[in-house]
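For the record, in the sequence shown the residue sitting at position 209 is 209 according to UniProt numbering, with numbers rising by one throughout. Even for Gly, the Cβ is constructed at its ideal location relative to N, Cα and C. Before any comments, here is the structure.
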Amino acid sequence: RPYTDADEPGTSTTPAGPNGDHKCDTPIGLELSMYQAIKETVPDAAFALFTGDIVDHAIWNTSRPYNEKQISDAYEHMSQYLGLVYGTAGNHEANPTNAFPPKSISNSSQWVYDALSDEWTRWVGVAAESQIQSIGAYSTRYPSGNLRIISLNTNFYYRMNFWLYQRQFEQDPDGQIQWLVSQLDAAEKAGERVFIIGHMPPGEGDAFHAGSHYIDQIVNRYSSTIAAMFFGHTHVDHFEISYSDYNSRDASHAVMASYICPSLTPTSGMPSFRVYDVDPETFAVLDTTTYIADMNDAAFQTTGPVWRKSYSAKETYGSRLSPPVTDPGAELTPAFWHNVTALFESSPDVFDKYISLKSRGWNVAPCTGDCKTQELCKLRAARSENNCVVVSPGLHLSKRSDELRRDGHGHGHDHREHEHECGMSAGMKMLSSLAVRKDLLDELEIKYNELKVRAASQ
Numbered sequence: 001r002p003y004t005d006a007d008e009p010g011t012s013t014t015p016a017g018p019n020g021d022h023k024c025d026t027p028i029g030l031e032l033s034m035y036q037a038i039k040e041t042v043p044d045a046a047f048a049l050f051t052g053d054i055v056d057h058a059i060w061n062t063s064r065p066y067n068e069k070q071i072s073d074a075y076e077h078m079s080q081y082l083g084l085v086y087g088t089a090g091n092h093e094a095n096p097t098n099a100f101p102p103k104s105i106s107n108s109s110q111w112v113y114d115a116l117s118d119e120w121t122r123w124v125g126v127a128a129e130s131q132i133q134s135i136g137a138y139s140t141r142y143p144s145g146n147l148r149i150i151s152l153n154t155n156f157y158y159r160m161n162f163w164l165y166q167r168q169f170e171q172d173p174d175g176q177i178q179w180l181v182s183q184l185d186a187a188e189k190a191g192e193r194v195f196i197i198g199h200m201p202p203g204e205g206d207a208f209h210a211g212s213h214y215i216d217q218i219v220n221r222y223s224s225t226i227a228a229m230f231f232g233h234t235h236v237d238h239f240e241i242s243y244s245d246y247n248s249r250d251a252s253h254a255v256m257a258s259y260i261c262p263s264l265t266p267t268s269g270m271p272s273f274r275v276y277d278v279d280p281e282t283f284a285v286l287d288t289t290t291y292i293a294d295m296n297d298a299a300f301q302t303t304g305p306v307w308r309k310s311y312s313a314k315e316t317y318g319s320r321l322s323p324p325v326t327d328p329g330a331e332l333t334p335a336f337w338h339n340v341t342a343l344f345e346s347s348p349d350v351f352d353k354y355i356s357l358k359s360r361g362w363n364v365a366p367c368t369g370d371c372k373t374q375e376l377c378k379l380r381a382a383r384s385e386n387n388c389v390v391v392s393p394g395l396h397l398s399k400r401s402d403e404l405r406r407d408g409h410g411h412g413h414d415h416r417e418h419e420h421e422c423g424m425s426a427g428m429k430m431l432s433s434l435a436v437r438k439d440l441l442d443e444l445e446i447k448y449n450e451l452k453v454r455a456a457s458q
C-alpha cells in the first residue's frame with residue numbers, strides 16, 4: 001500500500017479519541033485508566049493475573065527493540081498500580097508475531113524470554129528465572145498462602161506459530177509438558193493448590209490437537225490439585241470446561257473450569273477487566289465480577305473512562321440455576337459451569353444475555369440454530385479436538401464472505417473471527433490485501449500445497 005502525505009499523523013478525517021476507538025488498539029491513557037480502576041475497585045486485591053499480549057496488532061511494524069520497550073513499559077505500569085502480578089507470554093510479544101521456535105530449531109526467541117524474565121523476576125523471584133529463560137514459563141509459590149502459580153507458554157501449541165511446522169511435529173516442544181507434570185506432582189505431594197495461567201486457551205480452535213490433548217490428560221490427573229485455570233487470547237468473555245469423559249459431557253464428568261477473561265483492547269468490545277473472589281484457604285473461585293468502560297459514554301473521550309460493574313457470575317447465572325447458587329461462600333465448581341451451559345440450552349434469554357456479555361456489549365449479533373449449537377460445544381470443550389471447530393487443511397487467503405453466519409462475537413463475519421483476532425486475522429488480512437489478484441492467490445495456494453506434500457513425503 002503506498003503512503004502519501006494524506007497518511008501523515010493529524011490528517012485523518014475521523015481521528016481516534018485520546019482514550020481509544022473500536023478500530024484501534026489500546027492507547028496508554030486507557031491502559032492506565034484500567035489500572036487505576038482496578039486499584040480503586042479492589043484495593044485489597046491479593047495479586048493480579050495478566051494473560052499476555054502487550055504489543056499492538058500492527059504486526060508489520062514491530063521489531064525486537066520496539067517489542068522490548070513495549071514489554072518493559074507495560075510491566076512497569078502494572079508494577080506501579082497493581083503490586084504483585086503474575087504474567088504469561090502472549091503470541092504478540094515475539095517478533096515476528098507468533099514466532100516462538102522450540103530449541104530444536106536453529107532460530108531462537110531467547111530475547112523474548114530474557115525480556116520477560118527481566119520483568120517477571122521482581123514478582124516470581126530468581127528461583128524461577130532459569131525456567132523463564134529456558135521455556136518462557138515458570139512455577140512459583142504465592143508468598144501469602146498455600147498456592148502455586150504455574151504460567152504456561154501456550155505458544156508451543158499455537159497453530160499460527162509457524163516454527164512448529166519446520167520439523168516433524170514434536171510431542172513436547174522444549175519439554176514443557178514434562179516440566180508441567182513435574183511441577184504439579186510436586187505441588188500434589190506438598191498439599192499445594194495450583195492456579196494455571198496461560199495466553200491461548202487449550203480448547204480453542206487455535207490450539208493443536210496433540211498439545212491440547214496432553215494438557216487435558218494432565219488436568220484430569222491433577223484436577224484435585226488445580227483450583228482453576230485462566231487464559232486470554234480471544235479478547236472476549238467466555239469459559240471452557242474439562243471433562244473426564246468427553247463422550248459423557250455432563251455435570252458429573254466436569255473436572256475443571258477455565259476462565260477466559262475479556263480484554264482491555266477496544267477492537268472487539270468495551271474495555272474490560274475481571275475480579276475473582278477466591279476462598280483464602282482452598283483457593284476455589286467463589287465468584288467472578290467483570291467491569292467495563294462504556295465507550296459510548298459522552299464523557300469517555302473528555303473526562304475519561306468510567307468503569308462500572310457489568311455482571312457477576314453468581315448474580316447472572318447462579319440465581320437462575322435450580323437449586324440457585326447464590327451463597328457468597330459457594331464455589332463455582334466445574335459442575336456449576338456445566339449446569340450453566342444446560343441453562344443456556346433451556347433458557348434462550350439467559351443464552352442471549354451470555355452472548356451480549358461475551359461480546360463485551362458491543363456490536364452484538366444474534367446467535368441461534370447452528371451458531372448456538374457450536375457455541376455450547378465450544379464451552380464444553382477444554383480439549384480442542386472436541387470443540388466442533390472444523391479445521392481445513394491448506395492455505396486459505398481468500399477474503400471472508402459477509403454471508404457467513406453471524407454470532408455474538410462482536411463481528412458480522414465468520415463466527416470464528418474472534419478466535420483469530422489475536423495474531424491471525426491481522427496477518428491474514430494483510431496477505432489478502434497484498435494478493436488482490438485471484439490468479440496470484442491461486443498460484444500461491446498451489447505452491448504452498450505442493451511444498452506441504454513434498455515435506456510430507458520426505
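Give every residue of the same chain whose Cβ lies closer than 8 Å to the Cβ of residue i, excluding the five residues on either side of it in the sequence, and list them in chain order.
i           : result
ASP114      : GLN133
residue 463 : Missing from the structure shown is residue 463; the chain here goes from 1 to 458 and no further.
GLN301      : GLY17, PRO18 and ASN19
TRP111      : ARG64 and GLU68
VAL255      : VAL219, ASN220, SER223, SER242, TYR243, SER244 and PRO334
ASN91       : GLY52, ASP53, THR97, ASN98, PHE100, ASN155, TYR158, MET160, ASN161, HIS199, MET200, HIS233, CYS422 and GLY423
Buried or exposed for residue i, going by 16 or more other Cβ atoms inside 10 Å?
i      : result
TRP60  : exposed
ILE355 : buried
GLY10  : exposed
ASN161 : buried
ASN247 : exposed
THR4   : exposed
PRO65  : exposed
ALA298 : exposed
ILE54  : buried
TYR165 : exposed
GLU204 : buried
SER109 : buried
GLN183 : buried
THR322 : A small fix is needed here, since residue 322 is Ser in this sequence, not Thr. It counts as exposed.
ILE28  : exposed
ASP174 : buried
PRO15  : exposed
SER139 : buried
ILE292 : buried
THR234 : buried
GLU240 : buried
According to DSSP, residue i sits in a beta bridge with which residue or residues?
i      : result
ARG141 : ARG148
ARG221 : BP columns for ARG221 are empty, so no partner.
HIS238 : ILE260
PHE231 : ILE260
VAL207 : For clarity, residue 207 is Ala in the given sequence; the question names Val instead. TYR158, per the DSSP bridge assignment.
GLY17  : GLY20
ASP277 : ASP287
Give every residue of the same chain whose Cβ lies closer than 6 Å to the Cβ of residue i, excluding the five residues on either side of it in the sequence, and list them in chain order.
i      : result
THR88  : THR51, GLY52, SER151, ILE197, GLY198 and HIS199
GLU192 : ASN146 and ARG148
LEU49  : TYR86, ILE197 and PHE230
LYS39  : TYR81
VAL340 : TYR317
ALA127 : none
ASP44  : none
LEU84  : PHE47 and TRP123
ARG249 : TYR243 and ARG380
GLY269 : SER359, ARG360, TRP362 and GLY410
SER398 : Any reading at SER398 must be qualified, since the residue scores a pLDDT of 40, below 50, and its modelled position is unreliable; no value is offered.
HIS338 : ILE241, ALA251 and ALA254
Suppose the cutoff is 7 Å on Cβ atoms and the five residues either side in sequence are ignored; what does the same chain contact list for residue i look like?
i           : result
THR26       : GLY20, LEU264, THR265 and PRO266
ILE215      : PRO202
SER117      : GLU129, ILE132 and GLN133
LYS314      : ASP287, VAL325 and THR326
residue 494 : Here the chain has residues from 1 to 458 only, and residue 494 is not among them.
MET34       : LEU264, PRO271 and PHE273
ALA58       : none
SER384      : PRO202, GLY203, GLU204, GLY205, ALA207, HIS209 and SER212
ARG141      : ARG148
May I ask you to check if the CB of residue i is nearer than 6 Å to at least one heavy atom of the ligand SAM?
i      : result
MET270 : Annotation note on the ligand SAM: not contained in the displayed structure, which lists no ligands.
Residue i CB to nearest chain C CB: under 7 Å?
i      : result
GLU240 : This model lacks chain C altogether, as it is built from one protein chain only.
Mind listing, in chain order, the continuous beta strand (DSSP E) runs of no fewer than 3 residues lying wholly within the segment 26-50? 48-50
Taking 8 Å as the threshold, find out whether the segment 274-288 comes into contact with the segment 74-93 through three or more Cβ pairs. no
Which runs of the alpha helix (DSSP H) at least 4 residues long sit entirely within the segment 107-131? Give them in chain order. 110-124
On the three-pair Cβ rule with 8 Å, is the segment 250-262 touching the segment 218-235? yes
Is the segment 328-346 touching the segment 302-309 in the sense that three or more CB pairs, one from each, lie closer than 8 Å? no
Beta strand (DSSP E) segments (min. 3 residues) lying fully within the segment 282-365: 285-293 and 307-312
Given 8 Å as the limit, is there contact between the segment 367-383 and the segment 176-191, that is, 3 or more CB pairs closer than that? no
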